[in-house]
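Following numbering that gives the first Met the number 0, the numbering of the sequence shown begins with 0 at its first residue and continues without gaps. Here a beta-carbon is modelled for each residue, glycine too, at the ideal position from N, C-alpha and C. Being a predicted model, the structure only gives us computed values, none of them experimental.
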Amino acid sequence: MDFLTSGIMSITPQQLIMYGVGLLLIYLAIYKDFEPALLLPMGFGAILVNLPDSGVLNQTLAGIGETNGIIEWLFNVGIE
């Protein structure tokens with residue numbers, strides 16, 4: 000339960016705005032049928048990248064230091 004409360008408490012106002020943008024993109028894709036193949040993944044991506052402590056981006060962990068997230072791993076494997 001402590002992990003859940005620490006995750007909720009680490010949400011910033013900027014992340015809340017990006018959640019709204021992601022939900023707006025998903026709404027436009029599903030209900031208004033505006034380019035669903037483009038807007039739906041963008042909406043999910045906007046929400047997933049802004050999840051606190053999710054491991055998607057680089058994180059600084061106590062006692063370990065900075066760890067690479069899945070996006071950097073995909074960049075290193077796929078592009079470089």
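Next item on the list: Answer yes if the region 70-78 comes into contact with the region 23-36, meaning at least three C-beta pairs across the two stretches below 8 Å, and no otherwise.
Entry: Not touching, per the Cβ criterion.
Note to self: Beta-carbon within less than 7 Å of residue 44's beta-carbon, same chain only, minus the 5 sequence neighbours each way: which residues are those?
What the structure shows: The residue labelled residue 44 in the question sits at position 45 within the sequence shown. Closer than 7 Å at the Cβ level, and outside the excluded window around residue 44, lies no residue.
Notebook entry, point to check: Looking at the unbroken alpha helix (DSSP H) that takes in residue 110, where does it start and where does it end?
Noted result: Given a span of 0 to 79 for the chain in the structure shown, any question on residue 110 remains unanswerable.
Check: Any idea if residue 7 is buried or exposed, counting beta-carbon neighbours within 10 angstroms, 16 or more meaning buried?
Finding: For the purposes of this step, residue 7 is taken as residue 8 along the sequence shown, with counting starting at 1. Its Cβ having fewer than 16 others within 10 Å, residue 7 is exposed.
Next item on the list: Measure how close the beta-carbons of residue 46 and residue 18 come, nearest whole angstrom, since I'm counting them as under 8 Å.
Entry: Against the sequence shown, residue 46 aligns to sequence position 47. Against the sequence shown, residue 18 aligns to sequence position 19. Going by Cβ atoms, the distance from residue 46 to residue 18 rounds to 6 Å, so yes, they are a contact pair.
Next item on the list: Find the nearest neighbour of residue 14 within the set 40, 65, 50, 77, judged by alpha-carbon distance.
Entry: On the sequence shown, position 15 is the one that residue 14 refers to. If we check each option's Cα against that of residue 14, 50 comes out closest.
Next item on the list: Rounded to whole angstroms, what's the CA-CA distance from residue 21 to residue 40? Just pull it up for me.
Entry: Locating residue 21 in the sequence shown gives position 22, counting from the first residue. Locating residue 40 in the sequence shown gives position 41, counting from the first residue. A straight line joining the alpha-carbon of residue 21 with that of residue 40 spans about 9 Å.
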